[in-house]
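What follows is a short report on a single structure.
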Amino acid sequence: MDDTELQRERILRHVSPIITGRFIGFQASYTREVRVGRPLAIAVFITAGIAQLLASLLRMKPARRSLRDLRKGPEFLVTPVRLRDDLGQTYEVEMHGQLPQSALHRGDLVQVRTEPQSDRTLPVKLMQVVNLTTMQPLTPRIPTRWSHLGPAMLLQATAGLVVVAALVFVILR
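Structure representation (structure tokens):
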């Protein structure tokens, strides 16, 4: 067998928001980090710090996290998914998060709803899959910036914001 007989399968980038085809399989997964914007991280950090200061005065134990930890953001699993349409063309989309392993089997007929990503060099992002073989709708779940910040930190930030608003109201009154 010479080099001319070896051909790589051509992977296409799909531009339509809906792809219907056969599920070929998952590729090797990796993690990607979502950065939290500096203004949001600083606002949450400062307002939560005000509440932490009040909590320490009242001898309560506040939840503490560094600004660097807040800016780092959550990591989520990215899994390239390959599909083949009726014409035999292969498409690759990115699935962010996880689905149950038993949800998709090689050869299942699927309909995938996608969205373009902010980085145009990346494949489209899988938003929802409907396994037409089993008629099961599937949505991958990923961590969000808000889940990364955590309920304790967000409650402290809200309390700090209320304290600042009350102080501003008293001073301006």
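The sequence shown begins at 881 in my numbering and counts up by one.
Note that CB positions come from ideal geometry on N, CA and C, so glycine has one too.
Item	Value
Which ranges does the alpha helix (DSSP H) cover as unbroken runs of at least 4 residues, wholly within the stretch 939-1004, from first to last along the chain?	947-952
Can you tell me whether residue 932 is buried or exposed, with buried defined as 16 or more other CB within 10 angstroms of its CB?	buried
Residue 976 to residue 1018, Cα distance in whole Å?	13 Å
Using beta carbons (cut-off 8 Å, strictly below), is residue 974 in contact with chain D?	Checking the listed chains, one finds no chain D in this structure; it contains a single protein chain.
Looking only at its own chain, which residues have a Cβ that is under 8 Å from the Cβ of residue 1043, when we skip the five neighbours before and after it?	930, 931, 934
Measuring straight from C-alpha to C-alpha, what distance separates residue 972 and residue 995?	13 Å
Suppose you measure from the CA of residue 917 to the CA of residue 923; what does that come to, to the nearest Å?	10 Å
For a quick check, are the C-beta atoms of residue 1021 and residue 1007 less than 8 Å apart?	no
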